[in-house]
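Visitor: Protein chains in written order, with my numbering: chain A, 1 to 170; chain B, 171 to 606. Beta carbons are placed, not taken as given, at the ideal position from N, Cα and C, and that holds for glycine.
#1: Pick helix, strand or coil for residue 2(A), following the three-state DSSP scheme.
#2: Using a cut-off of 7 Å between C-beta atoms, extract the partners of residue 538(B) located in chain A.
#3: Find out if the Cβ-Cβ distance for the pair residue 79(A), residue 391(B) is shorter than 8 Å.
#4: Throw me the rounded Cβ distance for the residue 54(A) and residue 367(B) pair, which I believe falls under 8 Å.
#5: For residue 525(B), return the contacting residues in chain A, with the cut-off set at a CB-CB distance below 9 Å.
#6: For residue 326(B), list the residues DSSP reports as bridge partners.
#7: Note down, in chain order, each residue of its chain lying with its Cβ closer than 8 Å to the Cβ of residue 111(A), except the 5 sequence neighbours on either side.
#8: When you compare the CB of residue 372(B) with every CB in chain A, is at least one pair closer than 8 Å?
#9: Counting Cβ pairs closer than 8 Å, one from the region 280 to 296 of chain B and one from the region 237 to 253 of chain B, do we hit at least three?
#10: Within 10 Å of its beta-carbon, does residue 172(B) have 16 or more other beta-carbons around it, so buried, or fewer, so exposed?
#11: With a cut-off of 8 Å on the beta carbons, I'd call residue 182(A) and residue 28(A) a contact; round off their distance for me.
#12: Can you tell me the Cβ-Cβ gap for residue 359(B) and residue 225(B), rounded? I've got them flagged as a contact below 8 Å.
#13: Just confirm the distance between the C-beta atoms of residue 307(B) and residue 316(B), as a whole number of angstroms; I'd bet it's less than 8 Å.
#14: What residues match up with residue 197(B) in a beta bridge as DSSP calls it?
#15: Using C-beta distances below 7 Å, list every residue in its chain close to residue 132(A), excluding the 5 sequence neighbours before and after it, in chain order.
#16: Can residue 35(A) be considered in contact with the ligand FMN, in the sense that its beta carbon sits closer than 7 Å to one or more heavy atoms?
#17: Three or more C-beta pairs under 8 Å: does that hold for the region 217 to 224 of chain B against the region 331 to 339 of chain B?
#18: Check whether the region 348 to 357 of chain B touches the region 258 to 265 of chain B, counting contact only when three or more Cβ pairs, one atom from each stretch, lie closer than 8 Å.
#19: Is it buried or exposed, residue 213(B), if we count other Cβ atoms within 10 angstroms and call 16 or more buried?
#20: For the region 202 to 210 of chain B against the region 230 to 237 of chain B, are there 3 or more C-beta pairs whose distance is under 8 Å?
#21: Which residues in chain A sit within 9 Å of residue 287(B), going by Cβ to Cβ distance?
#22: Go to residue 171(A), then tell me how far its beta strand (DSSP E) extends in each direction, as first and last residue.
#23: Considering only their Cβ atoms, is the gap separating residue 139(A) from residue 24(A) smaller than 8 Å?
#24: Against chain A, does residue 368(B) count as a neighbour if the rule is that its beta carbon must be under 8 Å from one of theirs?
#25: Whose C-beta lies closer than 6 Å to the C-beta of residue 275(B) among residues of the same chain, with five residues either side of it excluded?
#26: If the cut is a Cβ gap below 8 Å, which residues of chain A does residue 546(B) touch?
#27: Starting from residue 79(A), find everything on chain B with Cβ-Cβ shorter than 8 Å and list it in chain order.
#28: If contacts are defined as beta-carbon pairs under 8 Å, then residue 66(A) and residue 36(A) qualify, I think. What distance do you get, rounded to the angstrom?
#29: Does DSSP put residue 176(B) in a helix, in a strand, or in coil?
#30: If we ignore side chains and look at the alpha-carbon of each, how far apart do residue 72(A) and residue 40(A) end up?
#31: Do you know offhand how far residue 597(B)'s Cα is from residue 451(B)'s?
#32: Measuring only between beta-carbons, confirm whether residue 360(B) sits less than 8 Å from chain A.
#33: Have a look at residue 504(B) and residue 151(A) and give me their C-alpha separation to the nearest angstrom.
#34: Can you check whether the C-beta of residue 529(B) is within less than 8 Å of a C-beta belonging to chain A?
#35: In the region 415 to 478 of chain B, which residue ranges form an unbroken beta strand (DSSP E) of at least 3 residues, counting only runs that do not cross its ends?
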């Protein structure tokens, strides 16, 4: 590798990166284990939870999304999953996700900022094993000392293909 | 070009259709049997008018979308002459698909097997090393093959792989006036399928995507519970006062030719004033209501506004217009179906109103919605259950004694009645039994 191809990171940035990493790992754990209310508690009051359909580079005001939730719609989603009648999650998906390639983009440890990552989600439901790959962009903010999600954008590798049931928390 | 209808498979199932479809029940095999599926591909999807797409999907010359007519891959394209066509996606030389991107804009389609190229009108532009042929290929009949028949109704383009058959208007019959409920939701009669689509799938037979007014309160119990929390959120605003109870003004209708409807119009009309208040909360809402009255007169405008562009109709065999979307049903195998959902943008509504319609759609439909995945889950449970063939019959008798023939000739029942399923099964059997 050519020297300087990768930017070395300051020690202070490592601490910020580690905090973000632990936040994303925590989020992954809550989503994997269907702890809906605890996952919801990771969000700020005003939120955008966006999973585009068809392509990544679309205007969500003009193009249909798989998910484009504000606070009210996200609360509906979590409420519904908690009822006994969310059949597409009965039985629930067994999930195991890996979050990696975490990068801080325009990020200030005191206030938060934008964070980019990649994920692989393994899903087992009935006899079907599925893999969901993609990139995620989080907008994190620091409120009362702790990090919270203000926005989460999920760019699925296969958002342009036929999908049957994607009802667990991404 | 006048080839006979595609019908090269004649399984033993051919002579069993009348044994499998009875007035009050159907046999599991019509959903599970591979021979029946092949016969459907020939006799229904190889002949009937199939919905291909809407002209608004192709605004510019060269715009195209790939679609399926049963197993037949086609290119839905607007040529450089601005004419919309349905062309078979198959090189006239050795049969390779000439277009692989699901959508885009192209001046020409090239088969990269041997380098033949075709204009976006389908005309053969050139063959490589033409001296190898004794005739001039570009003056021959080697253009991309168009679907044998193509017609459109109010911008909705239909095609048939059979060179003969009823005209589209005759086949649509009563369904045409239901399509009008969508197009006339615009004061200028303009709707656009330009907001992308949801591509969903389920491991079940294509005929399970029916029109069923009996299931919502049970299958969608999680959503109904949510609507009760907030009647103004998303689709909740169009589902007040339980439209799916037999006490509602909602009706099921068999419109003939397998076209079926959950007719929610009178139920929604009851809520007209409240619905107007909802629309007026958006920028452009009041102007939209006024524009509708000016365009259609008070009585029709009230009906159209209340309907919200949703006839809730199934146009047999592969099209549905449900809530804010137009659907295409693609059978892939007896036990696997893809369902495309295209949210509609309504001309004369503000951007804010159309964006809200997108959000309503997403809240219930698509692979991450609150409704579609539960429907798909149930279709899959049915498909698995149908293999229990000791008692192979599926009961469709609900409401048989109380159904009536309405003034317009449609068969009408209460909203939970299986009028729609019986109508679809009846048409299915007619088409499957038709010879030649």
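Guide: Per the coordinate set shown:
#1: Residue placement at residue 2(A) cannot be trusted, given a pLDDT of 41 that sits under 50; what the coordinates show is reported in the next sentence. Here residue 2(A) sits in coil by DSSP.
#2: Here the neighbours are 51, 66, 67, 166, 167.
#3: Cβ atoms of residue 79(A) and residue 391(B): not closer than 8 Å.
#4: About 7 Å; that satisfies the 8 Å criterion.
#5: Residues of chain A passing the Cβ test: 60, 61, 62.
#6: In the DSSP assignment, residue 326(B) forms a beta bridge with 224(B), 323(B).
#7: Result list for residue 111(A): 141, 142, in chain order.
#8: For residue 372(B), the answer is yes, since a Cβ of chain A falls inside 8 Å of its Cβ.
#9: Touching, per the Cβ criterion.
#10: Only weak support is given to the placement of residue 172(B): the predicted model assigns it a pLDDT of 41, under 50, and the value that follows is read from those uncertain coordinates. So residue 172(B) ends up on the exposed side.
#11: This structure leaves residue 182(A) out entirely; chain A is present only between 1 and 170.
#12: Not quite, the Cβ-Cβ distance comes to about 13 Å (not below 8 Å), so this is no contact.
#13: Residue 307(B) to residue 316(B), Cβ: 18 Å. No contact.
#14: In the DSSP assignment, the residues bridged to residue 197(B) are 563(B).
#15: Excluding residues within five positions, the ones whose Cβ falls inside 7 Å are 121, 123, 156.
#16: The model depicted lacks the ligand FMN and carries no ligand whatsoever.
#17: Taking a cut-off of 8 Å for Cβ pairs, the region 217 to 224 of chain B and the region 331 to 339 of chain B touch, as three or more such pairs fall below it.
#18: In short, these stretches do not touch, since the Cβ pair count stays below three.
#19: With 16 or more other Cβ atoms from the protein chains shown falling within 10 Å of its own Cβ, residue 213(B) counts as buried.
#20: With a cut-off of 8 Å, the region 230 to 237 of chain B and the region 202 to 210 of chain B do not count as touching, because too few Cβ pairs lie within range.
#21: Those within 9 Å of residue 287(B) in chain A number zero; the least Cβ separation is about 26 Å.
#22: The displayed coordinates of chain A run from 1 to 170. Any statement about residue 171(A) would go beyond what the structure contains.
#23: No, the Cβ-Cβ distance between residue 24(A) and residue 139(A) is not below 8 Å.
#24: True, the Cβ-Cβ gap to chain A drops below 8 Å.
#25: Within the same chain, residue 275(B) has close Cβ partners 232, 233.
#26: What residue 546(B) touches in chain A: 88, 164, 165.
#27: Ordered by position in chain B, the residues that pass the 8 Å Cβ test against residue 79(A) are 395, 396, 399.
#28: So it is not a contact: roughly 18 Å between Cβ atoms.
#29: Note that residue 176(B) scores 41 on pLDDT, short of 50, meaning its location in the model is unreliable and no value can be drawn from it.
#30: Cα to Cα, the separation comes out at about 12 Å.
#31: Linking residue 597(B) to residue 451(B) through their CA atoms gives a straight-line distance of about 44 Å.
#32: For residue 360(B), the answer is no, since every Cβ of chain A falls outside 8 Å of its Cβ.
#33: Their backbone Cα atoms lie some 41 Å apart in a straight line.
#34: Output row for residue 529(B): interface = yes.
#35: Segments of the beta strand (DSSP E) lying fully in the region 415 to 478 of chain B: 421 to 426, 429 to 433.
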